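What follows is one structure encoded as structure tokens, with my remarks underneath.
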Amino acid sequence: AYAPSDDESVGRKQEFYGELEEILTGIGQNREIIMLGDFYARTGWQLNSKVMGPRGEDQVNDNSQRLIHLCEYSLKEATQEAIRILEAKL
65 AYAPSDDESV
75 GRKQEFYGEL
85 EEILTGIGQN
95 REIIMLGDFY
105 ARTGWQLNSK
115 VMGPRGEDQV
125 NDNSQRLIHL
135 CEYSLKEATQ
145 EAIRILEAKL
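Residue 130 in our numbering sits at position 66 of the sequence shown, and the numbers go up by one each step.
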């Protein structure tokens, strides 16, 4: 995937990440997903994040927030699906 650069319009970025979110949601929960691309994201580092670690750049940009949100959303969806499956088996 090639994300719009940080200089692109907010609308274009929302469209791209919305489409990517739909694709990830449609894949299903029982698969591992490897996502490759140029996301033009400078993600920095975060100690309290489930999708980021303590290593990274000092700078962040708008695209980084969008990518982190996408990863957090995907992790949340996968976790909720796993809980539903476990509860159904009880």
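Ideal placement from N, C-alpha and C gives every residue a C-beta, glycine not left out. Just so we're clear, the structure is a prediction, and the values are computed from it rather than from any experiment.
* Assign residue 126 to one of three DSSP states: helix, strand, or coil. => helix
* Asked: Mind checking residue 107: buried by the 16 CB within 10 Å criterion, or exposed?
  -> buried
* Asked: From the DSSP output, which residues share a beta bridge with residue 156?
  -> Given a span of 65 to 154 for the chain in the structure shown, any question on residue 156 remains unanswerable.
* Using DSSP bridges, identify the partner residues of residue 107. => Beta-bridge pairing links residue 107 to 124.
* Nearest-angstrom Cα separation, counted from residue 67 out to residue 122 -> Answer to the nearest angstrom: the Cα atoms are 21 angstroms apart.
* **residue 138 vs residue 98 beta-carbon contact at 9 angstroms** => no
* Terminal residues of the continuous alpha helix (DSSP H) containing residue 154? -> Careful: residue 154 lies outside any alpha helix (DSSP H) and carries neither H nor E.
* Enumerate in chain order the residues of its own chain whose CB-to-CB distance from residue 110 is below 6 angstroms, with the five nearest sequence positions on each side excluded. => The answer, listed in chain order, is 116.
* Asked: Around the C-beta of residue 95, are 16 or more other C-beta atoms found within 10 angstroms, so that it is buried, or is it exposed?
  -> exposed
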